[in-house]
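When we follow this note's numbering, the leftmost residue of the sequence shown carries the number 174, and every step to the right adds one.
Okay, structure first, notes after.
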Amino acid sequence: MPTYRGRFAPSPTGDLHFGSLVAAAASYLDARRAGGQWLVRIEDLDPPRTVPGAADRILRTLEAYGFVWDGPVLYQSQRHEAYAAALAQLGDQVYPCGCTRRELGAGDFYAGTCRHGLRPGRPPRSRRLRVPDREIHWHDRRLGDQVENLAHTTGDFALKRADGFWAYQLAVVVDDAAQLITDVVRGADLLTSTARQIYLQEVLGLPRPRYLHIPIVLDDNGKKLSKQTKAHLVPHPGDPRILAAALRFLGESIPSETHEIAPIWAGVLTKPLT
């Protein structure tokens, strides 16, 4: 097992925006300062939302901003057999769910309607994992000790969606293990996924990486920057001012007179991550 292997895993639902650049920079800094490896994974599991050409543009933008990754890029769209094998390994811990989107309503909590079998005449739609009624504990490197009981917060969660596509929670756990990821550095908006992923790691017999959830970038209305909120895209070719702003958001001290990307990285990679 490597001492440190981190990763950045964007979804190609659009080009790279500033919030994503901050997340990439945080994971990259943490990996390189630890003397570790940094990988890139394209999470293209949702074809209806995938923008043609976005994956390649994301990679070219990362290159333009001085990111260098180790090894080939992994594409989740090429990993269906691995996800199917994981689902099969779970056996009767997974069950078919016939609930429609309207019946599920808003929010993530599932009340277990189909846990003991489908209602008569109801076809299966998604596949869900049974969760235990117990606390799951983990430590976040920035936020400290965390605890969650999935039976109270999410209920049984989907591993394969009603539209036939693999769910994010299953894919990310399988791929983190396959890529030997030791450290996950990502936005705090994904903190709520962590307990589900840890439970999946447990039942699949996979190692648990260390977690660090960084603050998310908000717009002027206090909402997370995202493609859905029309976040400003990161310009290509690389703009040193944008990279400097991303690193300052992470608490780095960047000289205002720095006008090239390479010296910016050279100045921060030898410091500990704040």
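Beta carbons: idealized from backbone N, C-alpha and C, even for Gly.
Here the structure is a predicted model, which means the values were calculated and not measured.
Report yes if the C-beta distance between residue i and residue j is below 8 Å; otherwise report no.
i, j, result
"residue 200", "residue 347", "no"
"residue 248", "residue 339", "no"
"residue 226", "residue 390", "no"
"residue 260", "residue 332", "yes"
"residue 126", "residue 419", "Beyond the ends of the chain as shown, which are 174 and 447, falls residue 126; an answer cannot be given."
"residue 343", "residue 323", "no"
"residue 413", "residue 434", "yes"
"residue 370", "residue 178", "no"
"residue 409", "residue 233", "yes"
"residue 377", "residue 262", "yes"
"residue 383", "residue 355", "yes"
"residue 182", "residue 214", "yes"
"residue 184", "residue 229", "no"
"residue 206", "residue 442", "yes"
"residue 224", "residue 186", "yes"
"residue 415", "residue 194", "yes"
Using DSSP's beta-bridge definition, name the partner residues of residue i.
i, result
"residue 181", "213"
"residue 331", "301"
"residue 383", "356"
"residue 440", "In the DSSP output, where bridge partners are listed per residue, residue 440 has none listed."
"residue 409", "According to DSSP, which records beta bridges pairwise, residue 409 is partnered with nothing at all."
"residue 311", "319"
"residue 270", "299"
"residue 248", "215"
"residue 190", "406"
"residue 339", "333"
Considering Cα atoms alone, identify which of the options is closest to residue i.
i, options, result
"residue 329", "254, 299, 383 and 184", "299"
"residue 275", "335, 392 and 210", "335"
"residue 237", "189, 266, 354 and 184", "189"
"residue 269", "250, 290, 253 and 381", "290"
"residue 264", "243, 301 and 242", "301"
"residue 239", "436, 306 and 443", "436"
"residue 367", "222, 392, 312 and 198", "312"
"residue 326", "253, 444 and 305", "305"
"residue 221", "198, 337, 267 and 244", "337"
"residue 307", "272, 321 and 341", "321"
"residue 381", "345, 317, 407 and 411", "345"
"residue 296", "411, 415 and 272", "272"
"residue 244", "195, 180, 253 and 198", "180"
"residue 196", "392, 444 and 385", "385"
"residue 341", "253, 444, 231 and 204", "253"
"residue 310", "303, 375, 349 and 392", "375"
Around the Cβ of residue i, are there at least 16 other Cβ atoms within 10 angstroms (buried) or fewer (exposed)?
i, result
"residue 429", "exposed"
"residue 127", "Residue coverage of the chain in this structure runs from 174 to 447, which leaves residue 127 outside it and unanswerable."
"residue 294", "exposed"
"residue 402", "Confidence in residue 402 is poor, its pLDDT being 49 and thus under 50, which makes the residue's placement unreliable; the coordinate value appears in the next sentence. Residue 402 is exposed by the Cβ-count criterion."
"residue 241", "exposed"
"residue 439", "exposed"
"residue 318", "exposed"
"residue 176", "exposed"
Please decide whether residue i counts as near chain D, where near means a Cβ-Cβ distance under 8 Å.
i, result
"residue 297", "Judged by its chain identifiers, the structure shown contains no chain D, having just a single protein chain."
I want to know whether the segment 353-367 touches the segment 282-289 - three or more CB-CB distances under 8 Å.
no
Looking at C-beta atoms only, is the number of pairs between the segment 425-435 and the segment 208-225 that lie closer than 8 Å three or more?
no
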